[in-house]
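Engineer: Quick mapping for you: the protein sequence lines, in order, are chains A and B.
Each residue of the first sequence is one higher than the one before, counting from 56 in the working numbering.
Each residue of the second sequence is one higher than the one before, counting from 56 in the working numbering.
I'd like to ask some things about the structure below.
Protein chains: 2
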Amino acid sequence: MPEVVVLGSTSLDTLETPFGRAVGVLGGSAAYAGYACSFFSRPGIVSIVGRDFPKKYLTLMGKRGMDLSGLARASGQTFRWHGRYGFDVNVVQTIRTELNVLKNFDPELPGEYRRAEYLFLGNTSPKTQLSVMQQMKKRPQLVVSDTMNYYIEKNRKQVLRVCKESDIALMNDSEARQLFRTPNLLAVARKILALDSSCAIIKKGEHGAIMVSRKGFFSAPGYPLENIVDPTGCGDCFGGALIGYLAKTKDFSEQGFRRAIVFASAVSSFNAEDFSLNKLTKISLKHIIARYKKFKEFVKF
Amino acid sequence: MPEVVVLGSTSLDTLETPFGRAVGVLGGSAAYAGYACSFFSRPGIVSIVGRDFPKKYLTLMGKRGMDLSGLARASGQTFRWHGRYGFDVNVVQTIRTELNVLKNFDPELPGEYRRAEYLFLGNTSPKTQLSVMQQMKKRPQLVVSDTMNYYIEKNRKQVLRVCKESDIALMNDSEARQLFRTPNLLAVARKILALDSSCAIIKKGEHGAIMVSRKGFFSAPGYPLENIVDPTGCGDCFGGALIGYLAKTKDFSEQGFRRAIVFASAVSSFNAEDFSLNKLTKISLKHIIARYKKFKEFVKF
């Protein structure tokens, strides 16, 4: 039985950056978040792929201990995304999106997934997120959700409902400003708290992440990377590692959340160092802990 | 004799924000930096004003212990700047700039200024910055410089020369990327270090500041402000407080610089809470130290 149910997309990405190109490689919020989660806890993937999905990626995820009984295989092509990054990796241009089998994705959770204590509603449509939430036999101990500008523009009300149903609604700073229509991040965080969230965690890309809770304010720095090869999936890795760490430690204190954010930042920083999941397949928990310790040095004064 | 010589502009600003409007109020890099410095050390101002400069502002600065013997009074009008901020205070639109007496500003340092051990080359033309540097009898112990996009576009070579002559060349992240023509901030920092700087300190506005030195990487968070009224002069306050603190402690260790950055961030955060220098006139070192301690809480994990 999986410890963390991870909902999201699974895709074959084509990525262009000034530093190279990757074609038809493993991507998607479920793949990134699930893989990042697996450093700490056993994830069960809720997603969909097509007939063209390479067996090697199933093997990669399976070997990693990712439960794939919730990964539907449909006739048709796997979701494909083609993105291009400029010299400023903070800016991405979508060249092409082919939803394919993701278009009619209506997941049905395997029986044992429905009793999991940890649920990550990764980046996918809020309708799908709510449907998965409703299929749980009982309210999980912790529900973390993620979203993106596309769904905020298209379906703001449902995105807000997902936020309300979650314990932690993750989003990045521009999405948070857009969703709550206010530029001040602290004011945004107060609005997230007002939705009954236990805390507001806002991802800020290279600038790290902040958390506002009833206990205080926390700021985690971004990890200083000399060579950012491909930032695709960093936000998903952050969310997956965050819930994976919390499922492992079961420490929901202010301190426990702060540590989870730094572990999540560490995993996410590794992810940016190569295309697809390439870098994550080459590291172990030992490397993540070493980077966690570096974060401690970065903020000491 | 002033402990810190502070070069920069003195202006009468008109500011428009969604939260209000201020007309003809005290501003300019020398006024902000000098005032921020005065919480820690005695600044001597090198700047210029016109006949229209209100006596009340001279009194304000004088009472504060700012030495004004280097503040030239010329016939003509004081430098005036009119800026407008939108709901996103990170974006400012210049409505009007009248250089007036600043146009032909060619400062001559009072004799005792030339032996100061601390020099802040605040935001003004690189030509003026180099001229002031050359007037010093001996190399000050610490030279901190600041610049802005206007001068980088207009006179990149001279800006780079000022950076090379300084111990610390302050700039904000977008200016740093522009000056060194590279989007990666760590790569930018390496280029600053290659110019013989003892460390690279990059201001990131609401995201705080980072320092890269030969000893390591430091990240200071931005202070979470619920109500940012007017961010004008925050960068100048950061620089002025930084050098003021260092002149007071004379602690040039990695640890000393880190503390200086946090004190500078604290002063700068107060500045954003009201128009002009209004907030700074209402606080004392006690308030700054209290905020410094809060920064310690913000980064603990």
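For every residue, glycine included, the Cβ atom is placed at its ideal position computed from N, Cα and C.
In chain B, which residues lie less than 9 Å from Val259/A when you measure between Cβ atoms?
Structural biologist: The question names Val, yet the displayed sequence has Lys at residue 259/A. Ordered by position in chain B, the residues that pass the 9 Å Cβ test against Lys259/A are His262.
Engineer: Answer yes if the region 314 to 321 of chain B comes into contact with the region 338 to 352 of chain B, meaning at least three C-beta pairs across the two stretches below 8 Å, and no otherwise.
Structural biologist: These segments touch.
Engineer: Within 9 Å of any Cβ in chain B, is that where the Cβ of Phe74/A sits?
Structural biologist: no
Engineer: Pull up the distance between the alpha-carbon of Gly294/B and that of Val60/A, whole angstroms please.
Structural biologist: 49 Å
Engineer: Just to confirm, is the Cβ distance from Val199/A to Tyr168/A under 9 Å?
Structural biologist: no
Engineer: Output, in sequence order along the chain, the residues in the region 100 to 129 of chain A whose CB is closer than 9 Å to any CB in chain B.
Structural biologist: Those residues of the region 100 to 129 of chain A that come within reach of chain B (Cβ to Cβ, closer than 9 Å) do not exist; the list is empty.
Engineer: Name the chain A residues that come within less than 7 Å of Arg314/B, Cβ to Cβ?
Structural biologist: Phe356
Engineer: Straight-line CA distance for Val243/A to Thr237/A?
Structural biologist: 6 Å
Engineer: Between Asp143/B, Tyr140/B, Thr133/B, which has its C-alpha nearest Asn159/B's C-alpha?
Structural biologist: For the residues Asp143/B, Tyr140/B, Thr133/B, the minimum Cα distance to Asn159/B belongs to Thr133/B.
Engineer: Name the residue from Pro181/A, Ser180/A, Gln190/A whose alpha carbon lies nearest to the alpha carbon of Ala171/A.
Structural biologist: Gln190/A
Engineer: For Glu208/A and Ala85/B, I'd like the C-alpha separation in whole angstroms.
Structural biologist: 44 Å
Engineer: From the beta carbon of Arg232/B, is the nearest beta carbon of chain A less than 9 Å away?
Structural biologist: Yes, Arg232/B lies at the interface with chain A (some Cβ there is under 9 Å from its Cβ).
Engineer: Label Tyr205/A either buried or exposed according to how many other C-beta atoms from any shown protein chain fall within 10 Å of its C-beta, with 16 as the threshold for buried.
Structural biologist: exposed
Engineer: At 4 residues or longer, what runs of the alpha helix (DSSP H) sit wholly inside the region 141 to 214 of chain B?
Structural biologist: Those alpha helix (DSSP H) runs which fall completely within the region 141 to 214 of chain B and span 4+ residues are 181 to 190, 204 to 209.
Engineer: Excluding the five sequence neighbours on either side, which residues of its own chain have a C-beta within less than 7 Å of the C-beta of Gly177/A, listed in chain order?
Structural biologist: Val61, Leu62, Gly63, Ser84, Ala85, Ala88, Asp201, Asp291, Gly294
Engineer: Would you be able to state if there are at least three C-beta pairs under 8 Å between the region 249 to 259 of chain A and the region 219 to 230 of chain A?
Structural biologist: yes
Engineer: Is there contact between the region 323 to 336 of chain A and the region 64 to 84 of chain B, where contact requires at least three CB pairs shorter than 8 Å?
Structural biologist: no
Engineer: For the putative contact between Leu123/B and Gly131/B, defined by C-beta atoms under 8 Å, what is the C-beta separation to the nearest angstrom?
Structural biologist: Actually they are not in contact, since the Cβ atoms of Leu123/B and Gly131/B sit about 18 Å apart, beyond 8 Å.
Engineer: On a Cα-Cα basis, can you pick out the residue from His262/B, Arg97/B, Phe272/B that is closest to Ala255/B?
Structural biologist: For Ala255/B, the nearest C-alpha among the options comes from Phe272/B.
Engineer: What residues in its chain sit with their C-beta under 7 Å from that of Arg232/A, if we drop five residues either side in the sequence?
Structural biologist: For Arg232/A, where only same-chain residues beyond five positions count, the Cβ hits under 7 Å are Pro238, Val243.
Engineer: Taking only beta carbons into account, state which residues of the region 165 to 190 of chain B come closer than 8 Å to chain A, listed in chain order.
Structural biologist: none
Engineer: Got a sec: is the Cβ-Cβ distance from Val267/A to anything in chain B below 9 Å?
Structural biologist: yes
Engineer: If you draw a straight line from the C-alpha of Arg119/A to the C-alpha of Val101/A, how long is it?
Structural biologist: 16 Å
Engineer: Which residues in chain A have a C-beta closer than 9 Å to the C-beta of Val327/B? List them in chain order.
Structural biologist: For the record, residue 327/B in the displayed sequence is Ala; it is not Val. Residues of chain A passing the Cβ test: none, with the nearest at roughly 11 Å.
Engineer: Taking C-beta pairs closer than 9 Å, name the residues in chain A that Asn227/B reaches, listed in chain order.
Structural biologist: Per Cβ cutoff of 9 Å: no residues; Asn227/B is ~13 Å from chain A at best.
Engineer: Restricting to Cα atoms, I'd like to know which of Gly260/B, Lys246/B, Leu241/B, Pro286/B is closest to Asn227/B.
Structural biologist: Gly260/B
Engineer: Does the beta carbon of Gln148/B sit closer than 9 Å to a beta carbon anywhere in chain A?
Structural biologist: no
Engineer: Thinking C-alpha only, which one of Lys355/A, Asp285/A, Ser229/A is nearest Ser274/B?
Structural biologist: The option with the nearest alpha carbon to Ser274/B is Lys355/A.
Engineer: For Lys258/A, write down the residues that DSSP places opposite it in a beta bridge.
Structural biologist: Answer by DSSP bridge pairing, in chain order: Asn227/A, Ala264/A.
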